[in-house]
Amino acid sequence: IILDAGHGGKDPGNTYHGFKEKEIALKTTLKVGKILEKEKGLKIIYTRTSDVFIELAKRPKVANKANANLFISIHCNSVKNFGPSGTETFVMGLSRSDMNLEVAKNENSVISGIFSSMSCIKYDCECLILLGK
Numbered sequence: 117i118i119l120d121a122g123h124g125g126k127d128p129g130n131t132y133h134g135f136k137e138k139e140i141a142l143k144t145t146l147k148v149g150k151i152l153e154k155e156k157g158l159k160i161i162y163t164r165t166s167d168v169f170i171e172l173a174k175r176p177k178v179a180n181k182a183n184a185n186l187f188i189s190i191h192c193n194s195v196k197n198f199g200p201s202g203t204e205t206f207v208m209g210l211s212r213s214d215m216n217l218e219v220a221k222n223e224n225s226v227i228s229g230i231f232s233s234m235s236c237i238k239y240d241c242e243c244l245i246l247l248g249k
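When the letters of the sequence shown are read in order and numbered with my numbering, they come out as residues 117 to 249.
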């Protein structure tokens with residue numbers, strides 16, 4: 117499992133009242149990693165463990181080199197409207213498929229049950245950069 121803390125270094129991501137997405141994403145990623153490392157049979161690899169900038173194109177290379185089964189990139193979205201809350205799952209792929217939808221539903225059912233009352237699934241071809249090929 118590759119855990120990717122979004123942004124980092126010269127790229128702060130979203131900022132709000134002194135909070136930086138890159139710092140929140142890193143802390144969250146490291147906490148999630150600690151939990152997962154306790155599970156037998158899981159090998160956790162981080163794209164970053166400190167405040168460094170890693171180019172987007174280099175992140176999937178870590179996953180490809182490790183022959184990873186799962187790539188999780190953690191981000192903290194920001195909007196001016198305080199109404200939206202919850203999680204988003206981006207499913208990689210050129211088109212909607214039953215398999216992609218089932219993966220997203222499973223992820224969101226676990227996440228929304230723990231963290232929020234709202235989640236959504238988005239299909240985004242830009243996620244193909246995660247292939248790194």
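We put the beta carbon where it would ideally sit given N, CA and C, even for glycine. A quick note: this is a predicted structure, and the numbers were derived from the prediction, not measured.
What number of angstroms, rounded off, separates the C-alpha of residue i from the C-alpha of residue j?
| i | j | result |
| --- | --- | --- |
| Tyr162 | His133 | 28 Å |
| Lys174 | Lys196 | 31 Å |
| Gly122 | Asn183 | 20 Å |
| Ser194 | Phe135 | 11 Å |
| Glu155 | Glu218 | 24 Å |
| Gly129 | Phe169 | 11 Å |
| Leu172 | Asp120 | 10 Å |
| Pro176 | Gly199 | 33 Å |
Taking residue i as the reference, which of the options has the closest Cα?
| i | options | result |
| --- | --- | --- |
| Cys192 | Asn180, Ile140, Leu152 and Ile118 | Ile140 |
| Gly149 | Ala184, Ile117, Ala173 and Arg175 | Ile117 |
| Phe187 | Lys159, Gly124 and Ser213 | Lys159 |
| Ser189 | Lys126, Lys156, Lys181 and Thr144 | Thr144 |
DSSP has residue i in a bridge; who is on the other side?
| i | result |
| --- | --- |
| Gly124 | Asp127 |
| Ile117 | DSSP lists no partner for Ile117. |
* beta strand (DSSP E) runs contained entirely in the region 139-208, provided each spans 3 or more residues -> 187-190 and 203-207
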